[in-house]
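Working notes, beginning with the structure itself.
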Amino acid sequence: MSNISLGEEVKDWFISILIAVVLAFFIRYFIVELYLVEGPSMQPTLLSHERLVVNKFIYRFREPEKGEILVFRYPKDPSRDFIKRVIAVAGDTIEIKDGRVFVNHQLMNEPYILNQTRGSYPLSTVPDGTIFVMGDNRNNSEDSRFKDVGFVSLDLIKGKAMMVFWPIDNIKTLP
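Heads up, the sequence shown is in the numbering used here, so the first residue is 6 and it goes up one at a time.
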């Protein structure tokens, strides 16, 4: 027979549950977060209703890199999150003409794009502390080409999309 009293056992359970809750809170708010893709702006790379794992701490150690897919707070309504691809970073030039995207005067190789980009964007330099983002479904994406998004401040970035985990038959890592 055990010499542990009921009070001690309850105390042990309480401490174990408390540690689990604190650890879950820490992971959720500082390490990774789960996101739901809503809308067609990242097709074909990401489909509406897919679920992602987003690394929330990576950008504490480095800035976003071209080609990465990230989640950021929409500048006009920070309660909304957007998911887009980094096209250009601070100091880069960006221009869209004749349906083609140029970064630092070089045509981008974008095998993830299904349709030619409609419209144009004048030659601009990405300011310090910001990035230029676009959806993969260029003709159905509200992104840096539009004034309400514009160059995205690094302060608005929530994290890097690391992988799709749902639906289970579409699990994949992201660039």
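No residue lacks a Cβ here, since even glycine has one placed at the ideal position from N, Cα and C.
For valine 108, the enclosing beta strand (DSSP E) covers residues 105-108. Annotation for tyrosine 117: Thr50, Asp141 place their beta carbon closer than 6 Å to its own, counting only its chain and skipping 5 residues before and after. Each residue's CA atom was taken as its position, placing leucine 57 and leucine 41 some 6 Å apart. Pairing leucine 179 with glutamate 14, the inter-Cα distance amounts to about 45 Å. In this structure, DSSP gives leucine 112 an extended state, which the three-state scheme calls strand. With the rule of 3 Cβ pairs closer than 8 Å, the segment 57-77 counts as touching the segment 157-172. Under the 8 Å Cβ criterion, the segment 58-71 does not count as touching the segment 117-130, having fewer than three qualifying pairs.
In the three-state DSSP reduction, valine 94 falls in the strand class (E or B).
Taking 8 Å as the cut-off, the beta carbon of proline 80 is found closer than this to the beta carbon of leucine 161.
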